[in-house]
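Numbering (the UniProt record's numbering), first residue to last: 1 to 99.
Note that the Cβ used here is the ideal one computed from N, Cα and C, for glycine as well.
None of the values given here were measured: they were computed from a predicted structure.
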């Protein structure tokens, strides 16, 4: 199993649009092969930090997710609503990769 934690600092003035837009991405992601769970949350410590927690059956499934058409749409849509790039941590087999 693959775990992913993705954190994105949102512009305060775009927070509602960012969250609303991500709900469409969540719905499409749940349909993907190998998606065990995929949910987005606002951090309890920072109201402008969005945290996505994911679980995937395999690295291949996660890689396919990154190439899915709805992910391209999401990246384009959300790009102007961030104050910094998304930080992605991939956890598998006791190792953590950070991007």
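Discussion item. If I measure Cβ to Cβ from residue 83 and keep anything under 8 Å in the same chain, skipping five residues before and after, which residues do I get?
Written reply: Counting from one through the chain shown, the residue named residue 83 turns up at place 83. These residues qualify, in order along the chain: 9, 10, 11 and 48.
Discussion item. Report the CB separation of residue 53 from residue 39 in whole angstroms; it is logged as a contact under 8 Å.
Written reply: As a working note, residue 53 is residue 53 in the chain shown. As a working note, residue 39 is residue 39 in the chain shown. Indeed they touch by this definition, with Cβ atoms about 6 Å apart.
Fill in: Status (buried if at least 16 other CB within 10 Å, exposed otherwise) for residue 65
Residue mapping note: residue 65 aligns to position 65 of the chain shown, counting from 1. The residue is buried, with at least 16 neighbouring Cβ atoms inside 10 Å.
Discussion item. For residue 56, which residues in the same chain have their Cβ closer than 6 Å to its Cβ, ignoring the five residues on either side in sequence?
Written reply: Within the chain shown, the letter at position 56 stands for residue 56. The answer, listed in chain order, is 2, 34 and 62.
Item to complete: Could you check the C-alpha separation between residue 37 and residue 29 for me, to the nearest Å?
Response: Taking the first residue of the chain shown as 1, we reach residue 37 at position 37. Taking the first residue of the chain shown as 1, we reach residue 29 at position 29. Approximately 9 Å, taken between the alpha carbons.
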